[in-house]
Each structure stands twice: as C-alpha cells, then as structure tokens.
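Enquirer: Structure provided below as structure tokens; questions to follow.
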Amino acid sequence: MLYYMAQWLQQAAEGTEWESALSPLRIFRYITFRGAGAAATALLLSLWLGPRFIAWLKKVNFRQEYQDKAEAGGVKREMPYSKKGVPTMGGLMIVLVMDFTTLLWAQWNTFIQLVLLSMLVMCGLGFYDDFAKVNRQESSGVQARVKLLVQIIFSGLVAFYLWLSPATRPLVTEVMVPFYKYPVLIGGAGLAVGVLLTMLAIVGSSNAVNLTDGLDGLAIGCTVIVSFVFLVMTYIAGNKIFAAHLQVPYVAGAGELTVFVAAMIGGGLGFLWFNCFPAQVFMGDTGSLALGGMLGMIAVLIHQPLVLVIAGGLFVAEAASVMIQTGWFKYTRKRYGEGRRVFLMAPLHHHFEKLGWPESRVVTRFYILCVLFAVLALSTLKIR
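With positions in the sequence shown counted from 1, the corresponding number in the numbering used here is that position plus 275.
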C-alpha cells in the first residue's frame, strides 16, 4: 500500500514544484527499506496488540483448561508452573499482524499472493483444530489424518499452480540441492521429484513446527531464527546481481518475499515477548501450522526447499523423534508383545524435560542449536 501510494504521489507531482520535495519517496522502491519498515511495524503492532488480544482470548474463554501431554506424561514443571489455564490461539494475532504489515509494505505480486493465501489456509486449519480442543477441553482436536489430508491437497494445488505458469514452472521441474549450483534433475523426473519436494516442504515444515510448539517460546523463537536465514536468501534470490555472484537460482519477483519474512520476524519477536517463560499466551496450532507452512512455502518459492532441512534442522529432529518413537513402539509391540521406547518421551524437547532439565534450559540450548543450523544453511550460499 505504501509503495503504491509513494509511486502515485511522485507521478502526480512530476513536472510540478512538488517534484523535488517528494523525491525522498523514492526510498520506497528499495526492498531493504520496506523490509526494515515491515519488521518494525510488525514488532510494534504486536507489542501494542498483545495485552489487548490476550485479554480478549480470556474473555471468550479460549483457554487450555486441560493438562498438556508433557504434564500428563509425568513432566514436573518449574516453580511449580502449569500450562493449564493459559489462553491459546495466540497465533491468530501473529497472522493478523503479518497480513496487515505485508499489505502495508509489500509490492503486490504472485509470490505475496501465494504466501498470504497459504497462511490463511493453514491458519484456518489450525484454528479449527484449536477450537475443537478448547470446545472439548482435550489435548486432541481434529484427527491427524484429516489435517494431513487437507495439507496434502493444498500443497498439491500449490505445486500445480506453480507448474501452470512458465515463469514459476522451474520451481517444480528443476530440483536444486544445497552446495551445488546446477539442477540435479530436470524434465519429467525433475517434475515428479519437484512436486514431491514442494509437498514435503509445506506439509513437513508445517507439522514439524507444530510438534516443536511444546515449551514456552521454543517454536516461535526457532521460527524467528530460521526466518533470518530466509530473510537473506529471499533478498539474494530476487536480486539478479547477487544471485549470479553467489550462483543461486534467480527468481524474478521473489525479492518481495523479503518484506514478508521481515514481517514474520517482527511479528514473531513481538509474540515471543508474551510467549517466553512463563507464557502469557500460546500460539496453538493456529500459529504453528501457519508459520511452519510459510517456511516451507518460502523455501519452495525461492527454489531452495532442501535448504529448509538444514536451516530447520531442529524442527527436523523434533519431527524425527516422534516418527522414530512411534515406529519403534509399534514394531516392538508387534514383535515382542509390548511396546518399547527410544526416548523417554517424544517430541525431543520432552525427552530432556524427563531427564530433569528445566524448561528454560531446554529452550535456551535448542535456540543455540537452531542458530548453528542457521549458520550452516547460510554457508550453502558460498560453498558450491
């Protein structure tokens, strides 16, 4: 909105005495300026809106009045501190702030349309799941298979949409891998693998962030760290000179995603202010599914879906711990008549809680690991 307003004012003043006075508005052409503006706007708006939104959640009784899975599994909280009674669905605030900020600062194009639409779809799915949990006051909401089916269908539609346009078709027909500057698969094989990677990136990332959201500040903090990686990568992918220099795929128009990612960082930091230990609000599936889906979507749109596996290594570990735990338990129950576990509890952060680590220690050390994964992901830009 501000970009187009600045353009309109400059055009209207062209050839008049106001032309030189309005020349500073040219700064709105720069993605770096609009990205900084988006981050600051999202942060300040979140800090202002947070107390009011939390009060509203309490008023409508969107609270977690049941024990979370960790407490039910025997995890002893600090202080003592229970997550019971804390408002949930706070992710709705993140999505609203990001939507408003992006519309305010970004230039409207196909990529912005896709990420905003995708975020609303994932947020809607998460909201429906959270509402079912709050309504029944149980830790299980919508059936996992139903959520997974919706995510698969939606990600498949995204892949099909990208394939339809010649401008975005290479995103699903050419497979890029980290540390290598050329596509490893093209044509029919590339399309099959590309579509699969697109779906895995969106669905996998969405669910991995959702599984990570079990401790105060953990999921949103790690999401912000990973977002810094994609803040750099979206800017480079949308800049022909930088993309050529670093030998990464140039994607025309992808630079505007920098503004969106900046809004995600600002909104995420603002939410973390209220979500850090002890949390005043939880994002719920409303936020975790939306944010995770967005990380996957952005990775796909800049032609770097596999970089997400590195940058989001912590999310991968959390999701893998659940799959390993579930798979091993089912296998041993079938073979030996009783289920056995690899971890004391899954996802992985609860394993360390069961070992006696305080929640704040688990979160801080996971942040450190997330930063290391982020640095490794950024190194793929230079090591090719």
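Heads up, the beta-carbon is just placed ideally off N, CA and C, and yes, glycines get one too.
Do you know offhand how far Ser480's Cα is from Pro580's?
Expert: What you label residue 480 is simply residue 205 of the sequence shown in a count that begins at 1. What you label residue 580 is simply residue 305 of the sequence shown in a count that begins at 1. Roughly 10 Å separates the two Cα atoms.
Enquirer: Could you tell me the alpha carbon to alpha carbon distance between Leu284 and Trp380, rounded to whole angstroms?
Expert: The residue given as residue 284 occupies position 9 in the sequence shown. The residue given as residue 380 occupies position 105 in the sequence shown. Roughly 16 Å between the two C-alpha positions.
Enquirer: Looking at the secondary structure, which residues open and close the alpha helix (DSSP H) in which His626 lies?
Expert: Taking the first residue of the sequence shown as position 1, residue 626 is located at position 351. His626 -> alpha helix (DSSP H) spans Leu623 to Lys629.
Enquirer: For the putative contact between Val468 and Leu475, defined by C-beta atoms under 8 Å, what is the C-beta separation to the nearest angstrom?
Expert: Numbered from its first residue, the sequence shown carries residue 468 at position 193. Numbered from its first residue, the sequence shown carries residue 475 at position 200. So it is not a contact: roughly 10 Å between Cβ atoms.
Enquirer: How is Arg304 classed by DSSP in three states: helix, strand or coil?
Expert: On the sequence shown, position 29 is the one that residue 304 refers to. Residue state, collapsed to three classes: helix.
Enquirer: So who's on the other strand from Ala362, going by DSSP bridges?
Expert: Along the sequence shown, one-based indexing puts residue 362 at 87. The displayed chain sequence assigns Pro, not Ala, to residue 362. In DSSP, Pro362 forms a bridge with Arg338.
Enquirer: Which residue wins for smallest C-alpha separation from Ala592, given the options Leu486, Ile511, His520 and Phe505?
Expert: Here residue 592 refers to the residue found at position 317 when the sequence shown is read from its first residue. The candidate whose alpha carbon is nearest that of Ala592 is Leu486.
Enquirer: Just the C-alpha distance for Leu446 and Phe546, rounded to the nearest angstrom, thanks.
Expert: In the sequence shown, the residue the question calls residue 446 occupies position 171. In the sequence shown, the residue the question calls residue 546 occupies position 271. So the alpha carbons of these two residues sit roughly 32 Å apart.
Enquirer: Do Leu532 and Leu576 have their C-beta atoms within less than 9 Å of each other?
Expert: Against the sequence shown, residue 532 aligns to sequence position 257. Against the sequence shown, residue 576 aligns to sequence position 301. Yes; because the gap between Cβ atoms is below 9 Å, this pair is in contact.
Enquirer: Is Gln426 buried or exposed, if buried means 16 or more other CB atoms sit within 10 Å of its CB?
Expert: For the purposes of this step, residue 426 is identified with residue 151 of the sequence shown, where counting begins at 1. Burial call: buried.
Enquirer: Whole-angstrom Cβ separation of Val534 and Ala313, contact assumed at under 8 Å?
Expert: On the sequence shown, position 259 is the one that residue 534 refers to. On the sequence shown, position 38 is the one that residue 313 refers to. With a Cβ gap of about 5 Å, Val534 and Ala313 count as contacting.
Enquirer: Taking contact to mean at least 3 C-beta pairs separated by less than 8 Å, is the segment 601–612 in contact with the segment 511–527?
Expert: At 8 Å Cβ cutoff, the stretches do not touch.
Enquirer: Please confirm whether Val504 has its beta-carbon closer than 9 Å to some beta-carbon of chain B.
Expert: Absence of chain B from the displayed structure is noted, only one protein chain being present.
Enquirer: Which residues does DSSP pair with Leu460 in a beta bridge?
Expert: The sequence position of residue 460 within the sequence shown is 185, counting from 1. Beta-bridge pairing links Leu460 to Val450.
Enquirer: Count the CB pairs spanning the segment 625–644 and the segment 559–567 that are closer than 8 Å, and state whether there are at least three.
Expert: Short answer: they don't touch.
Enquirer: Going straight from the alpha carbon of Val501 to that of Ala565, what length do you get?
Expert: By 1-based counting over the sequence shown, the position of residue 501 is 226. By 1-based counting over the sequence shown, the position of residue 565 is 290. Each residue's Cα considered, the two are about 15 Å apart.
Enquirer: What number of angstroms, rounded off, separates the C-alpha of Leu277 from the C-alpha of Gly541?
Expert: The count along the sequence shown starts at 1 and reaches residue 277 at position 2. The count along the sequence shown starts at 1 and reaches residue 541 at position 266. Taking the straight line joining both Cα atoms gives about 18 Å.
Enquirer: From which residue to which residue does the alpha helix (DSSP H) around Asp404 run?
Expert: Locating residue 404 in the sequence shown gives position 129, counting from the first residue. Its alpha helix (DSSP H) spans residues Thr385 to Arg411.
Enquirer: For Ser295, which of helix, strand or coil comes out of DSSP?
Expert: Position 20 of the sequence shown, counted from the start, is the residue given in the question as residue 295. Correct three-state label for Ser295: coil.
Enquirer: Tell me which same chain residues have a C-beta within less than 6 Å of the C-beta of Gly571, skipping the five on either side of it?
Expert: To locate residue 571, count along the sequence shown from 1; it is residue 296. So the qualifying residues of the chain are Ala476, Ile477 and Ser480.
Enquirer: Do Leu568 and Phe648 have their C-beta atoms closer together than 9 Å?
Expert: As a working note, residue 568 is residue 293 in the sequence shown. As a working note, residue 648 is residue 373 in the sequence shown. The question names Leu, but residue 568 is Gly in the sequence shown. Contact: no.
Enquirer: Once the 5 residues before and after Val372 are set aside, which same chain residues still bring their CB inside 6 Å of it?
Expert: Taking the sequence shown and counting its residues from 1, one reaches residue 372 at position 97. Taken in chain order, the residues that qualify are Ala317, Leu320, Ser321 and Gly542.
Enquirer: Which whole-angstrom value is the C-beta distance of Leu544 and Val470, which I expect to be below 8 Å?
Expert: Numbered from 1 along the sequence shown, position 269 holds the residue referred to as residue 544. Numbered from 1 along the sequence shown, position 195 holds the residue referred to as residue 470. No, Leu544 and Val470 are not in contact; Cβ-Cβ is about 34 Å, not under 8 Å.
Enquirer: Start and end of the alpha helix (DSSP H) containing Leu277?
Expert: By one-based count along the sequence shown, residue 277 stands at place 2. Leu277 to Ala288 is the extent of the alpha helix (DSSP H) around Leu277.
Enquirer: Look up Trp632 in the DSSP assignment and say whether it is helix, strand or coil.
Expert: For the purposes of this step, residue 632 is taken as residue 357 along the sequence shown, with counting starting at 1. It is coil, neither helix nor strand.
Enquirer: Would you say Val361 and Thr377 are within 9 Å of each other, going by their C-beta atoms?
Expert: As a first step, residue 361 must be located in the sequence shown, where it is residue number 86. As a first step, residue 377 must be located in the sequence shown, where it is residue number 102. Contact flag unset, no.
Enquirer: Buried or exposed for Pro355, going by 16 or more other Cβ atoms inside 10 Å?
Expert: Counted from its first residue, the sequence shown places residue 355 at position 80. Because Pro355 carries a pLDDT of 47, less than 50, the predicted location of this residue cannot be relied on, and the following value inherits that uncertainty. By the 10 Å Cβ count, Pro355 comes out exposed.
Enquirer: Given a threshold of 16 other Cβ atoms within 10 Å of its Cβ, counted over all protein chains shown, does Leu493 qualify as buried or as exposed?
Expert: Position 218 of the sequence shown, counted from the first residue, corresponds to residue 493. Per the 10 Å Cβ criterion, buried.
Enquirer: Tyr436 lies in the alpha helix (DSSP H); which residues open and close that run?
Expert: Translated into the one-based positions of the sequence shown, residue 436 becomes position 161. Segment Ala419 to Leu439, the alpha helix (DSSP H) holding Tyr436.
Enquirer: Need the endpoints of the alpha helix (DSSP H) that Ile511 sits in, please.
Expert: Position 236 of the sequence shown, counted from the first residue, corresponds to residue 511. Per DSSP, Ile511 belongs to the alpha helix (DSSP H) from Leu493 to Ala512.
Enquirer: So, for Phe328: in the same chain, excluding its five sequence neighbours on each side, which residues have a beta-carbon less than 6 Å away from its beta-carbon?
Expert: Here residue 328 is taken as the residue at index 53 of the sequence shown, counted from 1. Counting only Cβ-Cβ distances below 6 Å, and skipping sequence neighbours, we find Met368.
Enquirer: Smallest Cα separation from Asp491: which of Ile306, Pro299 and Pro633?
Expert: Locating residue 491 in the sequence shown gives position 216, where the first residue counts as 1. When only C-alpha atoms are compared, the closest one is Pro633.
Enquirer: Considering only C-alpha positions, which residue in the set Ala538, Leu619 and Phe552 is nearest to Ile599?
Expert: Numbered from 1 along the sequence shown, position 324 holds the residue referred to as residue 599. Nearest of Ala538, Leu619 and Phe552 to Ile599, Cα basis: Leu619.
Enquirer: If you draw a straight line from the C-alpha of Leu653 to the C-alpha of Val504, how long is it?
Expert: Looking up residue 653 in the sequence shown gives position 378. Looking up residue 504 in the sequence shown gives position 229. About 6 Å.
Enquirer: When you compare only the Cα positions, how much space is there between Phe337 and Asn482?
Expert: For this step, residue 337 is matched to residue 62 along the sequence shown. For this step, residue 482 is matched to residue 207 along the sequence shown. So the two alpha carbons sit approximately 22 Å from each other.
Enquirer: Curious, which full-length alpha helix (DSSP H) runs of at least 4 residues does the segment 551–628 contain?
Expert: Whole alpha helix (DSSP H) segments, 4+ residues: 559–576, 582–586 and 588–611.
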